[in-house]
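Report on one structure; see the data block that follows.
There are 2 protein chains.
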Amino acid sequence: MLDFHAALKKLRNHLKNNDLRFTNERLTILEEIFQFPPHFDAEQLFIYIRKKHNHISRATVYRTLDLLSQIGIIKKENLGKDYASYELDYKMPHHDHLICEICGKVIEFADDIIEKRQREISENNGMVMVRHQLQIFGRCKEHTE
Amino acid sequence: MLDFHAALKKLRNHLKNNDLRFTNERLTILEEIFQFPPHFDAEQLFIYIRKKHNHISRATVYRTLDLLSQIGIIKKENLGKDYASYELDYKMPHHDHLICEICGKVIEFADDIIEKRQREISENNGMVMVRHQLQIFGRCKEHTE
DNA sequence: ACATAAAGTGTGACTCAGTCTCAATTTAAC
DNA sequence: GTTAAATTGAGACTGAGTCACACTTTATGT
Numbered sequence: 123m124l125d126f127h128a129a130l131k132k133l134r135n136h137l138k139n140n141d142l143r144f145t146n147e148r149l150t151i152l153e154e155i156f157q158f159p160p161h162f163d164a165e166q167l168f169i170y171i172r173k174k175h176n177h178i179s180r181a182t183v184y185r186t187l188d189l190l191s192q193i194g195i196i197k198k199e200n201l202g203k204d205y206a207s208y209e210l211d212y213k214m215p216h217h218d219h220l221i222c223e224i225c226g227k228v229i230e231f232a233d234d235i236i237e238k239r240q241r242e243i244s245e246n247n248g249m250v251m252v253r254h255q256l257q258i259f260g261r262c263k264e265h266t267e
Numbered sequence: 123m124l125d126f127h128a129a130l131k132k133l134r135n136h137l138k139n140n141d142l143r144f145t146n147e148r149l150t151i152l153e154e155i156f157q158f159p160p161h162f163d164a165e166q167l168f169i170y171i172r173k174k175h176n177h178i179s180r181a182t183v184y185r186t187l188d189l190l191s192q193i194g195i196i197k198k199e200n201l202g203k204d205y206a207s208y209e210l211d212y213k214m215p216h217h218d219h220l221i222c223e224i225c226g227k228v229i230e231f232a233d234d235i236i237e238k239r240q241r242e243i244s245e246n247n248g249m250v251m252v253r254h255q256l257q258i259f260g261r262c263k264e265h266t267e
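Right under this line is the structure:
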């Protein structure tokens, strides 16, 4: 699992290799992401960051989220809301999500049987699979009557 | 698979049972949905309908899409865009989607192995599954180099 | 067919997430 | 320290979708 220092190194590396600048804003945003819950929304994060660093703009937060996604430090996810969610990109190569409809709790899982079956289904339908996403919505222990 | 007359009957029934009105607008929108590709976006549909029936407003189209979703005539789907897609709600009870990243073609599939495995995964994680969605993105025959 | 009450409609203002422009600032590299 | 190029903040803008409300239409009882 990616820790802050590994992420920072990855970021600096990417910036250097692409003639991009290592800015205070980018550092701050990366730091704050690591303070934040592992699954989060851009706007939530922006509001949180804005409170602590009132010079950082929405545009910069969104731009940085895009940047970090490209590098593979975070990952844009659809978690059933009508806006994007992000998560820290753990080492687990593919994983999908169980989401509690009541409390929003997110559990990650990876399953070989499903992965394999997806590849088979793609082939059977004449497609080459590039990526996939699976969300299971339900109720967690605390929210089942 | 649901045909227009079955859908219309379902709609009239629901309206009657819920003290709602059968309006020209609702009829027109239902008719146009059946003229349209089986997977569509609200805004696309609105523009198409607006051309032919220039008195029908965006609000009515969106309201009717919600209504038809509640009844189960259409279904709101996430097909990887950052706005909602809809599809005619076929009889196939659960199905998921293969989506070509290049041309947007959508293929439907249902798979017992995956369905079963999802239930197992939910249980193993202490959740009761309510619904799920799986999208496989890839390239269809015509768009594989 | 007609009156009536309740539901539905169109308009346009609004929201919300996200993007864009551009002048001013900051960074990296010499 | 200079300089060119990258980055930033502000706020205007976009696009999907929602909302309020005056006006219209429907369903029902007569």
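Chains as they are written, first to last, in the numbering used here: chain A, 123 to 267; chain B, 123 to 267. Note that CB positions come from ideal geometry on N, CA and C, so glycine has one too.
Burial state of residue i (16 or more Cβ within 10 Å)
i              : result
T186 (chain B) : buried
D141 (chain B) : exposed
C222 (chain A) : buried
H219 (chain A) : buried
D125 (chain A) : exposed
I224 (chain B) : exposed
Q257 (chain A) : buried
A128 (chain B) : exposed
D211 (chain B) : buried
E264 (chain B) : exposed
Q240 (chain B) : buried
Interface partners of residue i on chain B, CB under 8 Å
i              : result
I229 (chain A) : N247 and M249
R103 (chain A) : What is shown of chain A runs 123 to 267, which leaves residue 103 (chain A) out entirely.
Q166 (chain A) : None at all; the shortest Cβ gap to chain B is about 17 Å.
Neighbour list for residue i in chain B, Cβ cutoff strictly below 7 Å
i              : result
V252 (chain A) : E223, F259, G260 and R261
Residues near residue i by beta carbon distance below 8 Å, same chain, minus five either side
i              : result
A206 (chain A) : D163, A164, K198, E199 and N200
T182 (chain A) : E147 and I151
I193 (chain B) : K132, L133 and H136
Q255 (chain A) : E199, N200 and D218
Close Cβ partners of residue i (< 7 Å) along its chain, the five nearest in sequence each way excluded
i              : result
R180 (chain B) : F168
L137 (chain B) : R143 and F144
E237 (chain B) : H216
Close-in-space but distant-in-sequence residues of the same chain around residue i (CB under 6 Å, 5 per side omitted)
i              : result
N139 (chain A) : none
V228 (chain A) : H161, H219 and I221
C262 (chain B) : C222 and K227
Neighbouring residues, chain A, relative to residue i (Cβ below 7 Å)
i              : result
T266 (chain B) : V250
Under 8 Å from the C-beta of residue i: neighbouring residues of chain A
i              : result
S244 (chain B) : L220, I258 and G260
Chain-ordered chain B contacts of residue i [CB-CB under 9 Å]
i              : result
Q255 (chain A) : N200, G202, Q255, L256, Q257, I258 and F259
Next on the checklist: What are the residues in the stretch 189 to 218 of chain A lying within 9 Å of chain B by C-beta distance?
Outcome noted: The residues in question are N200, G202, D204, Y205, A206 and D218.
Checklist entry - Where are the alpha helix (DSSP H) runs, 4 residues long or more, that stay fully inside the stretch 155 to 188 of chain A, in chain order? => result For the stretch 155 to 188 of chain A, the continuous alpha helix (DSSP H) assignments of 4+ residues that do not extend past its boundaries occur at 164 to 174, in sequence order.
Checklist entry - Counting only runs that start and end within the stretch 197 to 254 of chain A, where is the alpha helix (DSSP H) found for 4 or more residues in a row? => result Correct list: 234 to 246.
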